[in-house]
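Asker: Before I ask anything, let me first share the structure, which is written out below as structure tokens.
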Amino acid sequence: MPTSATPPRSAKPDTASDGTSAPSLALGTLLAGCLAVCLAQIALAIPATLNGLFQQDLHPIGSQLTWISDAFLLPVTVLELTFGVLGDLFGRKRLLVGGSALIVAGEAAAAAAHGVHLLWVGQALAGLGAAALFPTSLAMIAAGTRTHRDRARSISVWAASLSTGGFIAPVLGGITGNYGSWRWAFIVVAFIAAASTAVSLRFAHDSSAPEGRSLDVGGQLTIGVGLFALLYAVIQGPTDGWGSTSVVTAFVVAAVFIVLFLIAEARAASPLLRLDLFRNRSFAVASVVAVVGMFSFLGTAYATSIRLGPIQHQSPLRSSVAFILLNGITLAMTPLTSRLLERVNGRWLLSVGLALIACGDFLAANLSVDDRGLGSLVLPLGLVGIGFALTVSSITATAVNTVPVHLAGMASASTSLLRDFGFTLGPAVIGAVALSRAASDFTAKLAASPLSAAAKAAAGQVAGAGGPLAVNSVPAASPPGAAGPLAMQALGHGYALGFTVCGIAALASCLLALLALRAGSDAVEA
Numbered sequence: 024m025p026t027s028a029t030p031p032r033s034a035k036p037d038t039a040s041d042g043t044s045a046p047s048l049a050l051g052t053l054l055a056g057c058l059a060v061c062l063a064q065i066a067l068a069i070p071a072t073l074n075g076l077f078q079q080d081l082h083p084i085g086s087q088l089t090w091i092s093d094a095f096l097l098p099v100t101v102l103e104l105t106f107g108v109l110g111d112l113f114g115r116k117r118l119l120v121g122g123s124a125l126i127v128a129g130e131a132a133a134a135a136a137h138g139v140h141l142l143w144v145g146q147a148l149a150g151l152g153a154a155a156l157f158p159t160s161l162a163m164i165a166a167g168t169r170t171h172r173d174r175a176r177s178i179s180v181w182a183a184s185l186s187t188g189g190f191i192a193p194v195l196g197g198i199t200g201n202y203g204s205w206r207w208a209f210i211v212v213a214f215i216a217a218a219s220t221a222v223s224l225r226f227a228h229d230s231s232a233p234e235g236r237s238l239d240v241g242g243q244l245t246i247g248v249g250l251f252a253l254l255y256a257v258i259q260g261p262t263d264g265w266g267s268t269s270v271v272t273a274f275v276v277a278a279v280f281i282v283l284f285l286i287a288e289a290r291a292a293s294p295l296l297r298l299d300l301f302r303n304r305s306f307a308v309a310s311v312v313a314v315v316g317m318f319s320f321l322g323t324a325y326a327t328s329i330r331l332g333p334i335q336h337q338s339p340l341r342s343s344v345a346f347i348l349l350n351g352i353t354l355a356m357t358p359l360t361s362r363l364l365e366r367v368n369g370r371w372l373l374s375v376g377l378a379l380i381a382c383g384d385f386l387a388a389n390l391s392v393d394d395r396g397l398g399s400l401v402l403p404l405g406l407v408g409i410g411f412a413l414t415v416s417s418i419t420a421t422a423v424n425t426v427p428v429h430l431a432g433m434a435s436a437s438t439s440l441l442r443d444f445g446f447t448l449g450p451a452v453i454g455a456v457a458l459s460r461a462a463s464d465f466t467a468k469l470a471a472s473p474l475s476a477a478a479k480a481a482a483g484q485v486a487g488a489g490g491p492l493a494v495n496s497v498p499a500a501s502p503p504g505a506a507g508p509l510a511m512q513a514l515g516h517g518y519a520l521g522f523t524v525c526g527i528a529a530l531a532s533c534l535l536a537l538l539a540l541r542a543g544s545d546a547v548e549a
């Protein structure tokens with residue numbers, strides 16, 4: 024899941040830690056920043072190829088598998104912009120070092136997990152570290168450059184390092200999971216994080232930009248509680264019941280705190296999200312496209328990981344091929360997308376990219392769950408990968424080009440926040456939709472099946488505790504295992520619906536971008 028390039032938003036030139044003007048970008052700072060963002064992306068993407076092994080070894084029930092992904096994504100979404108401010112205020116080097124150290128701790132905890140709850144803790148710690156690394160690494164690199172040309176080249180190297188992390192993660196997960204244990208994947212990432220910590224400590228040059236920057240504590244607290252409550256409600260809905268007290272309460276808390284966040288942002292001197300940007304119709308449309316389009320991509324990636332792992336029980340090495348298609352294409356297309364952005368209006372690239380994602384999703388939705396061949400995934404996932412490469416490179420450019428130049432940094436940062444929110448919603452919503460559909464489908468198929476009463480009772484008991492995924496994972500020779508094929512078909516239908524939802528979201532975003540975006544119109548005033 025590539026994360027956006029968010030330029031520093033300081034109004035004045037950055038300074039070194041001793042107060043002098045920032046020097047030309049040092050090789051050590053470039054190396055430290057690129058290694059840090061590559062590390063953060065590897066840590067973010069590594070669980071995707073391992074979901075099948077998590078299901079097999081830790082036996083997560085209901086929505087617990089979804090929380091493994093979102094435990095990492097939530098702190099990235101909620102805290103990324105705040106860490107950007109902290110780096111500006113107190114120095115970026117310490118955040119680069121501290122973020123890598125947090126990933127060491129998080130990956131070590133995940134590797135030692137003998138239950139899903141400790142794995143969540145490890146993922147959350149690593150996500151906290153990644154939330155510091157994504158903005159800090161880019162800001163340090165950008166702050167160390169003197170000219171626009173040097174800055175553009177350095178940011179291109181940073182973006183390539185991010186894409187490299189997305190490519191390395193499935194290969195690493197596939198090899199370690201196939202020939203060792205899923206724990207080794209986390210151990211290897213911990214060693215990479217330790218190396219990143221050492222490189223940053225030794226070679227990175229510190230910088231800061233405190234002028235005009237301040238923490239938005241009210242905004243941070245309200246958006247943190249609001250997003251957590253919303254994700255909790257969406258993820259737990261299929262397991263606890265959409266009408267259950269906990270889920271309804273979480274939705275109410277989410278609504279209240281999101282309203283409080285909007286109030287806090289309207290009053291804050293230095294808001295996380297500048298609300299008056301949304302008076303610009305084109306920027307508002309681009310923001311909606313960012314959320315929905317990125318939800319579509321990561322929802323697709325999550326549905327693919329569940330299809331190949333917990334449903335079909337394919338090896339991590341085979342599963343990694345799918346994610347190489349999704350992420351590797353972005354890396355391979357980086358030179359092309361950079362040139363296209365110079366020559367083609369971002370609105371058109373955005374529309375084409377989203378249309379390709381939609382086509383790939385609709386094709387994936389029609390694949391039979393019994394089809395275990397990787398060849399059948401090449402076309403749909405290839406289309407999604409190409410579409411994402413075009414989309415992720417043009418979303419920020421499209422949003423930034425709709426506002427005055429002096430608001431470009433704020434627009435980029437706001438788009439980053441909304442895009443990451445879309446990423447976080449992907450696994451949550453698609454998991455909820457697919458599991459709800461699979462549970463109802465399995466219940467109906469089990470009742471109508473010719474299985475013995477004892478087999479039905481045993482399968483119903485397992486499904487009541489862990490849903491169709493649990494039934495699909497029990498040994499075939501056991502009493503509930505007789506219902507395994509029914510569970511597999513139900514899950515296939517559920518995640519086919521998930522692909523369809525992603526396709527509809529991408530298509531809707533495509534039409535919105537094509538029909539409603541008008542670059543440069545309705546410009547917001549300072």
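The numbering used here applies: residue 24 is where the sequence shown begins, and numbers increase by one.
Ideal Cβ placement from N, Cα and C applies to all residues, glycine included.
1) Is the beta carbon of ALA506 sitting closer than 8 angstroms to the one on ALA478?
2) Give the straight-line distance between the Cα atoms of LEU296 and GLY316, rounded to the nearest whole angstrom.
3) Under DSSP, the alpha helix (DSSP H) around ASP80 begins and ends at which residues?
4) Once you ignore the five residues that flank VAL552 on each side, which residues in its own chain have a CB closer than 7 angstroms to its CB?
5) Does the Cβ of TYR325 lie closer than 7 angstroms to at least one heavy atom of the ligand FMN?
6) Can you give me the Cβ contacts of HIS516 inside the same chain, cut-off strictly under 6 angstroms, excluding the 5 residues immediately before and after it?
7) How about ALA451 and ILE258: do their beta carbons lie closer than 8 angstroms?
8) With DSSP collapsed to three states, give me the class of SER338.
9) For a test of the three-state rule: what should DSSP assign to SER475, helix, strand or coil?
10) For ARG395 and SER475, what's the separation of their Cα atoms in angstroms?
11) Quick check on LEU298: buried or exposed, where buried means 16 or more other Cβ atoms within 10 Å of its Cβ?
12) Under a three-way DSSP split, which group does SER219 fall into?
13) When you compare the CB positions of GLY197 and LEU156, do they come within less than 8 angstroms of one another, or not?
14) When you compare only the Cα positions, how much space is there between ALA213 and GLU130?
15) Below 8 angstroms between beta carbons: does that hold for THR272 and CYS525?
16) Under a three-way DSSP split, which group does SER230 fall into?
17) Might you give, ordered along the chain, the residues of its own chain that have their beta carbon closer than 6 angstroms to the beta carbon of CYS382, omitting 5 neighbours on each side?
18) Could you tell me the distance, in whole angstroms, from the CA atom of SER179 to the CA atom of SER416?
19) According to the Cβ coordinates, are THR438 and ALA309 closer than 8 angstroms?
20) DSSP three-state label for TRP143, please.
21) Between the segment 78-93 and the segment 126-143, do at least 3 Cβ pairs fall closer than 8 angstroms?
22) With a threshold of 7 angstroms on Cβ separation, who are the neighbours of GLY489 within its own chain once the five nearest residues in sequence on each side are excluded?
23) At what residues does the alpha helix (DSSP H) containing PRO358 begin and finish?
24) Counting only the same chain and skipping the five closest in sequence on each side, list residues whose C-beta sits under 6 angstroms from that of MET356.
25) Excluding five sequence neighbours on each side, which residues of the same chain lie with their C-beta closer than 7 angstroms to the C-beta of SER338?
26) If distances are taken between C-alpha atoms only, which option among ARG206, LEU195, LEU185 comes closest to GLY145?
27) Straight-line CA distance for ILE246 to LEU109?
28) In angstroms, rounded to a whole number, what distance separates the CA positions of ALA216 and ALA153?
29) What does a CB cutoff of less than 8 angstroms around LEU469 pick up in its chain, not counting 5 residues either side in sequence?
30) Taking CYS61 as the reference, give the member of SER374, PHE106, THR159, ALA128 with the closest Cα.
31) With DSSP as the reference, label PRO403 as helix, strand or coil.
32) When the distance is taken between beta carbons, is ARG362 closer than 8 angstroms to THR421?
33) Which residue comes first and which comes last in the alpha helix (DSSP H) that contains LEU390?
34) Assuming the contact rule is C-beta atoms closer than 8 angstroms, SER532 and SER319 should be a hit. Round their C-beta distance to whole Å, please.
35) Nearest by alpha-carbon distance to ALA166: which of ALA232, THR220, SER204, SER342 is it?
36) Report the rounded CA-to-CA distance for ALA45 versus VAL240, giving the unit in angstroms.
Answerer: A quick look at the data gives this:
1) Position 483 of the sequence shown, counted from the start, is the residue given in the question as residue 506. Position 455 of the sequence shown, counted from the start, is the residue given in the question as residue 478. It is a contact, given that the beta carbons lie within the stated cut-off.
2) Mapped onto the sequence shown, residue 296 falls at position 273. Mapped onto the sequence shown, residue 316 falls at position 293. So the alpha carbons of these two residues sit roughly 20 angstroms apart.
3) Counted from its first residue, the sequence shown places residue 80 at position 57. Taken as a continuous stretch (DSSP letters only), the alpha helix (DSSP H) holding ASP80 covers 74-81.
4) The shown model of the chain, from 24 to 549, leaves out residue 552, and the question about it has no answer.
5) With respect to the ligand FMN, the structure shown offers nothing to examine, as it has no ligands at all.
6) Your numbering for residue 516 matches position 493 in the sequence shown. Result list for HIS516: ASP464, in chain order.
7) Along the sequence shown, read from residue 1 onward, the residue named residue 451 stands at position 428. Along the sequence shown, read from residue 1 onward, the residue named residue 258 stands at position 235. For ALA451 and ILE258, yes; Cβs fall inside 8 angstroms.
8) Here the question's residue 338 lines up with position 315 in the sequence shown. Coil, per DSSP.
9) Locating residue 475 in the sequence shown gives position 452, where the first residue counts as 1. DSSP places SER475 in coil when its eight states are reduced to three.
10) Numbered from its first residue, the sequence shown carries residue 395 at position 372. Numbered from its first residue, the sequence shown carries residue 475 at position 452. If you take the alpha carbons of ARG395 and SER475, they lie about 29 angstroms apart.
11) Stepping through the sequence shown from its first residue, residue 298 is reached at position 275. LEU298 should be labelled exposed.
12) Indexing the sequence shown from 1 puts residue 219 at position 196. In the structure shown, SER219 sits in a helix (DSSP, three-state: H, G or I).
13) Taking the first residue of the sequence shown as 1, we reach residue 197 at position 174. Taking the first residue of the sequence shown as 1, we reach residue 156 at position 133. No.
14) Taking the sequence shown and counting its residues from 1, the one referred to as residue 213 is at position 190. Taking the sequence shown and counting its residues from 1, the one referred to as residue 130 is at position 107. Roughly 5 angstroms separates the two Cα atoms.
15) Residue mapping note: residue 272 aligns to position 249 of the sequence shown, counting from 1. Residue mapping note: residue 525 aligns to position 502 of the sequence shown, counting from 1. No.
16) Translated into positions along the sequence shown, residue 230 becomes position 207. Three-state result, SER230: strand.
17) Here the question's residue 382 lines up with position 359 in the sequence shown. Cβ within range, chain order: LEU406.
18) One-based indexing of the sequence shown puts residue 179 at position 156. One-based indexing of the sequence shown puts residue 416 at position 393. Roughly 11 angstroms between the two C-alpha positions.
19) Here residue 438 corresponds to residue number 415 of the sequence shown, with the count starting at 1. Here residue 309 corresponds to residue number 286 of the sequence shown, with the count starting at 1. Result yes, Cβ atoms of THR438 and ALA309 sit closer than 8 angstroms.
20) Residue numbering aside, residue 143 sits at position 120 when the sequence shown is read from its first letter. Correct three-state label for TRP143: helix.
21) yes
22) Residue numbering aside, residue 489 sits at position 466 when the sequence shown is read from its first letter. Closer than 7 angstroms at the Cβ level, and outside the excluded window around GLY489, lie ILE84, GLY85.
23) Locating residue 358 in the sequence shown gives position 335, counting from the first residue. Unbroken alpha helix (DSSP H) run through PRO358: 357-366.
24) Along the sequence shown, one-based indexing puts residue 356 at 333. Only ALA412 meet the Cβ criterion.
25) Translated into positions along the sequence shown, residue 338 becomes position 315. Once the five neighbours on either side are set aside, the close Cβ partners of SER338 are ASN201.
26) Indexing the sequence shown from 1 puts residue 145 at position 122. Taking only the C-alpha atoms, the option nearest GLY145 is ARG206.
27) Residue mapping note: residue 246 aligns to position 223 of the sequence shown, counting from 1. Residue mapping note: residue 109 aligns to position 86 of the sequence shown, counting from 1. The alpha-carbon atoms of ILE246 and LEU109 are separated by roughly 17 angstroms.
28) Taking the sequence shown and counting its residues from 1, one reaches residue 216 at position 193. Taking the sequence shown and counting its residues from 1, one reaches residue 153 at position 130. Whole-angstrom Cα-Cα distance: 11 angstroms.
29) Looking up residue 469 in the sequence shown gives position 446. Answer for LEU469: LYS479, ALA482, GLY483, ALA486, ALA506, LEU509, listed in chain order.
30) On the sequence shown, position 38 is the one that residue 61 refers to. Checking every option, the nearest Cα to that of CYS61 belongs to THR159.
31) Counting from one through the sequence shown, the residue named residue 403 turns up at place 380. In the structure shown, PRO403 sits in a helix (DSSP, three-state: H, G or I).
32) In the sequence shown, the residue the question calls residue 421 occupies position 398. In the sequence shown, the residue the question calls residue 362 occupies position 339. Not closer than 8 angstroms, so no.
33) Numbered from 1 along the sequence shown, position 367 holds the residue referred to as residue 390. Taken as a continuous stretch (DSSP letters only), LEU390 belongs to no alpha helix (DSSP H), as it is neither H nor E.
34) Along the sequence shown, read from residue 1 onward, the residue named residue 532 stands at position 509. Along the sequence shown, read from residue 1 onward, the residue named residue 319 stands at position 296. That pair is a contact at about 7 angstroms.
35) Counted from its first residue, the sequence shown places residue 166 at position 143. Of the candidates ALA232, THR220, SER204, SER342, the one whose C-alpha sits nearest the C-alpha of ALA166 is ALA232.
36) Locating residue 45 in the sequence shown gives position 22, counting from the first residue. Locating residue 240 in the sequence shown gives position 217, counting from the first residue. For ALA45, the predicted structure reports a pLDDT of 43, less than 50, and the residue's modelled location is therefore unreliable. A value from the coordinates is still provided. So the alpha carbons of these two residues sit roughly 29 angstroms apart.
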